[in-house]
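Heads up, the sequence shown is in numbering that gives the first Met the number 0, so the first residue is 0 and it goes up one at a time.
The beta-carbon is built from N, C-alpha and C at its ideal position, and this holds for glycine as well.
Before any comments, here is the structure.
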Amino acid sequence: MSTTFRSTRGGSPVTFREALFNGLAPDGGLYVPVAVPELPAGWENSASFPELARTVLGAWLGDAGLGEPAFSRLVADAFDFPVPLSPLSDGRYLLELHHGPTLAFKDFGARFMARIMDALLEQEGRRLTIVVATSGDTGSAVAAGFSGRESVDVVLLYPEGRVSRLQERQLTMKRPGVRAFRVSGTFDDCQRMAKEVLSDPELRERGLSSANSINIGRLLPQQLYWLWAELELRRAHGVTENPVFSVPSGNLGNLTAGVYARLAGGSAAGIIAAHNANDWFPHWLRGDAEAFSFPETVRTRSNAMDVGAPSNFERLNDLDGEQLRRLVRGWGISEEETLGQLRRTYETDGVAVCPHTAVGLAALERDRAAGRTGPGIVLATAHAAKFPEVVAEAVPGLNVTAPALEALAAVETEAIPLGPSAAALKEWLAG
Ligand SMILES: *Cc1c(COP(=O)(O)O)cnc(C)c1O
C-alpha cells in the first residue's frame, strides 16, 4: 500500500516518486497527501527509532519501490544517530533533534531524502542537480546528506551576512558535487530564486529538483520524531498524559509534519507554533492576518526562523482550518525573551540551548501562562554550539562546543557571490 499525493492547487494524484522528483508541482503548488494514512497497528511497540521509521514510513510508501530489505537498510542508515527526550524542570522535555552530522533537525529529512532519491535515480540510471535555498541549516544538512551519493549534484543559495560564521563554514566547505552561492539578499530572495529556476521548463529538462522543506521527501520523515517523543514520554518517563508540543518555526515544515503525525493518530494534545519576531503565522491563527499576505523578513538571533513567507503555509492552508486552529496555536517571541529564556534554562536546568530552542521554550511558557497545562515537549532543533555568539550573549563567559564543529576550523571553503536575481542563477546553471 502506498499513499498518493496531489498539488495544493488541484490536478490529478501522483506517486511518491513523482512528487519527490518534481519537488514543486508543475502548477506551482506543493504536494500534499491525498489522505494521511493511519498509523499501522502495533506502531507503539517499535523498539528503536529506525524500527518506528520503517513502520510509519511503510504506511506511507510501502517499500518505495526498492524492495523490502533495501528499504529497511536505507531507513536504518538514514537514522543512525540517537534521538533522546531529556527532562527539564516543571514537566518540560527537550526532544534533542541535533545529534545528526550537522547538529540540527534538518538531518532527518535531508538524510532520508538524499538516500531515497539516490536509490531511485540509480534504479533509473539518471542524474539530478538539487537546488536548495537555505537560511542556514537546510543547506548544510542537504549537502551533508548528499555527499558521497553517486547520482546527485547540489547547488546551495544562502543569504550573505545572515547565517552564523559556523553555519557559513558548514555551507561552503569544499565537497565534490556541491556548489555554494552567497546571495546579496534575504532568505526570501534565495527561496524566490530557487522557485523560479525550478519552474523554468528548459532547466527542468536538464534534471533540476528541490530539497527545501517543500519537498515531500523531507517532510515525511519529520513526522517520525513527534511519534517517537510520545513513545519515549510514556516508556522512558512514565508520563501518560498527552503532551503539548512546542516547535520553533520558520517555514513551518516541522510543524506541518507534526500536524500529519497527529492526523495519522498521534496523541499530541496541542501544538504550539513558536516564532521569533517573524510572527505572521501566530497572527493568522488568531484570525488577525490575511492568508498569503506576508510581511518583510525581520532579522533575529534565531536566524533559521527568519522567514517572512513560510513556504509550507500552503500545505497547512489546504487542511480543515477549524480543525487546524483547534490543534495549533502560536506565539511570537521577542529577542529579549529569547535571550532571557536561554539564560534561565542554563541557570535553572543546567542546559545550554540554541536560540531557536529558546524560542520554543519561551512559547511554551507563554502558552502555560495563557492557561494550557500538561507535559510539554519542546523540539530542540539545533545544538547550542552552532550559535556560540548568542549563547555567550545570554550567558556571559559560557563557551559551548561540539567536536563536529571544532573540526570545521580546518576545512577549505568556497562560495560564489551572486546578486539576488534568478536570471544570474539561470546563467550559471545553463552554463
Ligand atoms: C529550519 C530550522 C527551524 C525552522 O523549521 P521549519 O521547518 O522551517 O519551520 C528551526 N530551528 C532550526 C535550528 C532550524 O534549522
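Inspect the beta-carbon positions of residue i and residue j and report whether they are closer than 8 Å.
i: Pro242; j: Thr380; result: no
i: Ala113; j: Gly66; result: no
i: Leu88; j: Asn302; result: Contrary to the premise, residue 88 reads as Ser rather than Leu in this sequence. No. Outside cutoff.
i: Leu378; j: Leu56; result: no
i: Ala268; j: Gly359; result: no
i: Ala140; j: Ala179; result: no
i: Leu254; j: Ala272; result: yes
i: Leu207; j: Leu218; result: no
i: Val394; j: Leu341; result: yes
i: Ile376; j: Leu156; result: no
i: Asp188; j: Gln166; result: no
i: Leu73; j: Gly216; result: no
i: Leu119; j: Arg16; result: yes
i: Val35; j: Leu262; result: yes
i: Ser134; j: Phe186; result: yes
Tell me residue i's beta-bridge partners as DSSP assigns them.
i: Tyr345; result: DSSP output for Tyr345 lists no bridge partner at all.
i: Leu360; result: Answer is none; Leu360 lacks a bridge partner.
i: Trp330; result: Ala273
i: Val31; result: Arg5
i: Met172; result: Thr412
i: Ala421; result: Looking at the DSSP assignment, Ala421 forms no beta bridge with any residue, so it has no partner.
i: Pro247; result: Ala273
i: Ser208; result: Ile129
Using the rule of at least 16 other Cβ atoms within 10 Å of the residue's Cβ for burial, across every protein chain shown, is residue i buried or exposed?
i: Gly138; result: buried
i: Gly252; result: buried
i: Gln431; result: Here the chain has residues from 0 to 430 only, and residue 431 is not among them.
i: Pro281; result: buried
i: Ile415; result: exposed
i: Thr347; result: exposed
i: Pro200; result: exposed
i: Glu432; result: Lying outside 0 to 430, the shown extent of the chain, residue 432 is not represented and no answer is given.
i: Pro220; result: buried
i: Asp305; result: buried
i: Ala40; result: exposed
i: Gly286; result: exposed
Please state the DSSP three-state secondary structure of residue i.
i: Val258; result: helix
i: Ile213; result: coil
i: Pro200; result: helix
i: Val352; result: coil
i: Glu405; result: helix
i: Ser139; result: helix
i: Pro83; result: coil
i: Leu284; result: helix
i: Thr128; result: strand
i: Arg161; result: coil
i: Asp152; result: strand
i: Ser292; result: coil
i: Pro68; result: helix
i: Ala103; result: strand
i: Pro12; result: strand
i: Glu240; result: coil
i: Leu60; result: helix
i: Glu121; result: helix
i: Leu23; result: strand
Excluding sequence positions up to five away, which residues of its chain have a Cβ less than 7 Å from the Cβ of residue i?
i: Thr412; result: Arg168, Thr171, Met172, Lys173
i: Asn316; result: Ala290
i: Thr3; result: Pro12, Val13, Thr14, Val33
i: Val238; result: Leu232, Pro374
i: Phe293; result: Trp279, Gly307, Ala308
i: Glu240; result: Gly373, Pro374
i: Ser85; result: Tyr92, Leu93, Glu95
i: Arg371; result: Val243, Gly269
For residue i, which residues from the same chain have a beta carbon less than 8 Å from its beta carbon, with the 5 sequence-adjacent residues on both sides left out?
i: Leu397; result: Tyr345, Ala351, Val390, Ala391
i: Val258; result: Ile270, Leu315, Leu318, Leu323, Leu326, Val327
i: Leu230; result: Glu43, Ser45, Leu51
i: Glu334; result: Asn275, Ala276, Thr299, Arg300
i: Thr128; result: Val151, Asp152, Val153, Val154, Arg205, Gly206, Leu207, Ser208, Leu428
i: Arg125; result: Ser150, Gly206
i: Asp117; result: Phe145, Arg148, Glu149, Ser150, Val151
i: Glu121; result: Glu149, Ser150
i: Glu364; result: Gln340
Closer than 6 Å by C-beta to residue i: which residues in its own chain qualify, once you throw out the five before and the five after it? Chain order, please.
i: Ser6; result: Ala24, Asp26, Gly28
i: Leu226; result: Ala260, Gly265
i: Phe48; result: Phe78, Val82, Trp227
i: Asp366; result: Ile271
i: Ala75; result: Pro49
i: Leu424; result: Met192, Val196
i: Gly99; result: Phe80, Asp106
i: Pro354; result: Arg300, Ser301, Thr337, Phe386, Val389
i: Gly108; result: Arg217, Pro220, Gln221
Could you tell me whether any non-hydrogen atom of ligand 3 is closer than 7 Å to the CB of residue i?
i: Phe78; result: This structure lacks ligand 3; its bound ligands are ligand 1.
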